[in-house]
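Notes follow the structure.
Numbering (the working numbering), first residue to last: 323 to 518.
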């Protein structure tokens, strides 16, 4: 069965790809882009290095604009990023019967609540899978055993998640994104760990 995994090139979505691949799913990594900035390069590179099929889906830039408007109003990214994630899942559920992402137990955004997951699955007759039952320590330990990982302060060149195009749009509008987005380290999978 085909599964679309929302893919940023990070360890969480890469781990989800490995799990579902080993369970026999036909894995297709999917990176979303709104045409504001080509943030897909890190994800395409990671997917190629891991040997998974990868697809870029370009969505209406209005979704990004609506999210940026929320972020400006809130002066904080959570609601805007969650809005994008919910919208993307709704759109993908028209094409795929199984959708997954790398959201895990400690994530605050993007994340669906349990009742939102149930609603999405029931309304769209799909399956939605994530890593909610797994904590960051387990994900880090497992990822360190499987992947070569590059860590760097988050910027528009080292991740393919929603944040990158949001940053570009905010900066074009004159906002200092460092005042809106908390500084954090971004982990990107660059390939399989070589046996020593």
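Ideal Cβ placement from N, Cα and C applies to all residues, glycine included.
Quiz item: Between the segment 440–454 and the segment 410–427, do at least 3 Cβ pairs fall closer than 8 Å?
Solution: yes
Self-check item: alpha helix (DSSP H) segment containing residue 386, residue limits
Solution: 383–396 is the extent of the alpha helix (DSSP H) around residue 386.
Quiz item: Should residue 519 be labelled buried (16 or more other beta-carbon atoms within 10 Å of its own) or exposed?
Solution: A question about residue 519 goes unanswered here, because the residues of the chain that appear run from 323 up to 518.
Practice problem: Just grab the DSSP bridge partners of residue 469 for me. | Solution: 514
Quiz item: Is the Cβ-Cβ distance between residue 472 and residue 507 less than 8 Å?
Solution: For residue 472 and residue 507, no; Cβs fall outside 8 Å.
Quiz item: Taking DSSP as the reference, what is the three-state secondary structure of residue 449?
Solution: strand
Self-check item: At least three beta-carbon pairs within less than 8 Å, the segment 329–343 to the segment 365–378
Solution: yes
Quiz item: How would you label residue 504, buried or exposed, when you count the other beta carbons within 10 angstroms and need 16 or more for buried?
Solution: exposed
Quiz item: DSSP on residue 366, reduced to helix/strand/coil?
Solution: helix
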